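Enquirer: Residue numbers (UniProt numbering): 1 to 231.
1. Which residues mark the beginning and the end of the alpha helix (DSSP H) in which residue 183 is found?
2. Excluding the 5 residues preceding and the 5 following residue 85 in the sequence, name in chain order all residues of the same chain whose CB lies nearer than 6 Å to its CB.
3. Suppose the cutoff is 8 Å on Cβ atoms and the five residues either side in sequence are ignored; what does the same chain contact list for residue 158 look like?
4. Which residues bound the alpha helix (DSSP H) around residue 194?
5. Just mark residue 205 as buried or exposed, buried being the case when its beta carbon has 16 or more other beta carbons within 10 Å.
6. List the DSSP bridge partners of residue 46.
7. Would residue 167 be called buried (16 or more neighbouring beta carbons within 10 Å of its own) or exposed?
8. I need the DSSP call for residue 13, collapsed to helix, strand or coil.
9. State buried or exposed for residue 88, treating a residue as buried only when at least 16 other CB atoms are found within 10 Å of its CB.
10. Looking at C-alpha atoms only, which residue of 6, 90, 70, 190 is the closest neighbour of residue 121?
11. Using the DSSP secondary-structure output, state which residues sit across from residue 165 in a beta bridge.
12. Hey, would you say residue 91 sits closer than 8 Å to residue 128, going by beta carbons?
13. Determine the direct distance from the alpha carbon of residue 126 to that of residue 178, and round the result to whole angstroms.
14. For residue 159, which of helix, strand or coil comes out of DSSP?
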């Protein structure tokens with residue numbers, strides 16, 4: 001929270017009031033995320049069906065839009081984005097390893113995240129529509145949800161395992177002492193972790209941190225998108 005330069009600092013009573021509300025505010029943010037996921041408009045889901053040579057057998061209009069946003073033409077027979085071909089190849093590899101175990105290949109879909117030209121993050125999933133590596137591959141493309149992006153951002157910011165656990169507690173609205181008790185560390189250690197987390201993420205307060213990790217993915221420019229295997 002901030003005040004204009006000509007306004008006085010927050011008084012002790014104001015600080016106590018805001019501190020008493022942090023749990024409610026954090027709970028509200030978490031509920032908002034859950035509601036966003038529950039209400040998510042799944043009309044943004046694209047679907048492709050690929051033959052064994054990555055030719056497009058079927059594609060809905062949303063898939064064509066995603067492919068265009070990824071930077072490749074949308075007509076059947078044209079080269080697909082590398083991420084789609086890589087995830088399809090991964091699905092076939094999983095199917096090859098699990099051939100003979102009916103149903104397992106379809107319950108463990110291949111998956112990747114990639115940033116589009118428009119700056120949006122898209123999740124690409126694939127699974128075999130049958131048994132064996134020659135079966136058609138179904139590919140789904142959909143916008144990444146905030147909760148799905150938080151681990152990636154934690155990787156980008158270089159948060160350590162302990163810092164991630166502290167951040168999870170902060171997102172739950174836990175005060176410093178309760179974080180210390182839950183993670184079995186001193187309050188001083190928690191504060192040291194928070195200083196490091198704020199420094200790495202470019203934030204200055206707990207609310208800023210939660211907003212950065214869970215709400216600001218589209219505005220944030222990441223310099224190292226997830227690597228996709230080479231051909």
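Every residue, glycine too, gets a C-beta built ideally from N, C-alpha and C.
Given the structure is predicted, the values throughout are model-derived calculations rather than measurements.
Expert: Straight from the coordinates:
1. On the chain shown, position 183 is the one that residue 183 refers to. It spans 176-183 - the alpha helix (DSSP H) in which residue 183 sits, taken as one unbroken run.
2. Taking the first residue of the chain shown as position 1, residue 85 is located at position 85. The residues are 54.
3. Within the chain shown, numbered from 1, the residue matching residue 158 stands at position 158. So the list reads 200, once near-sequence residues are dropped.
4. Position 194 of the chain shown, counted from the first residue, corresponds to residue 194. 187-201 is the extent of the alpha helix (DSSP H) around residue 194.
5. Working through the chain shown from its first residue, we reach residue 205 at position 205. With fewer than 16 other Cβ atoms within 10 Å, it is exposed.
6. Taking the chain shown and counting its residues from 1, the one referred to as residue 46 is at position 46. In the DSSP output, where bridge partners are listed per residue, residue 46 has 141.
7. What you label residue 167 is simply residue 167 of the chain shown in a count that begins at 1. Residue 167 should be labelled buried.
8. Walking along the chain shown from the start, residue 13 turns up at place 13. DSSP places residue 13 in helix when its eight states are reduced to three.
9. Residue mapping note: residue 88 aligns to position 88 of the chain shown, counting from 1. When all chains shown are included, residue 88 counts as buried.
10. Reading the chain shown from its first residue, position 121 is the one you call residue 121. Of the listed residues, the one whose Cα sits closest to residue 121 is 70.
11. Translated into positions along the chain shown, residue 165 becomes position 165. According to DSSP, residue 165 bridges with nothing at all.
12. Position 91 of the chain shown, counting from 1, holds the residue named residue 91. Position 128 of the chain shown, counting from 1, holds the residue named residue 128. Cβ atoms of residue 91 and residue 128: closer than 8 Å.
13. Looking up residue 178 in the chain shown gives position 178. Looking up residue 126 in the chain shown gives position 126. Looking at the two C-alpha atoms, the distance is approximately 41 Å.
14. As a working mapping, residue 159 is identified with position 159 in the chain shown. Residue 159: coil per DSSP, three-state reduction.
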